[in-house]
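One structure is given here, and the rest of the page talks about it.
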Amino acid sequence: VEGEHHEKAVELLKAAIGSVKLVVRYTPKVLDEMEMRFDKQ
Numbered sequence: 190v191e192g193e194h195h196e197k198a199v200e201l202l203k204a205a206i207g208s209v210k211l212v213v214r215y216t217p218k219v220l221d222e223m224e225m226r227f228d229k230q
């Protein structure tokens, strides 16, 4: 799963059977956007 929101990733993880390998990519730009969204609320 690439480029999906974390809600979608959670859905897919819950539906997965067997073992799941997670590769999490940290991108500062995405983090900045999330922080800006939280600040607006």
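Residues in the sequence shown are numbered consecutively from 190, following my numbering.
Even glycine gets a Cβ: it sits at the ideal position worked out from N, Cα and C.
Extent of the continuous alpha helix (DSSP H) to which residue i belongs
{"i": "Ala204", "result": "195 to 204"}
Collapsed DSSP secondary structure at residue i in the structure displayed
{"i": "Val212", "result": "coil"}
{"i": "Glu222", "result": "helix"}
Same chain only: Cβ atoms within 6 angstroms of residue i, ignoring 5 sequence neighbours per side
{"i": "Gly207", "result": "none"}
Residues near residue i in its chain [Cβ-Cβ closer than 8 angstroms; skip 5 each side]
{"i": "Lys210", "result": "none"}
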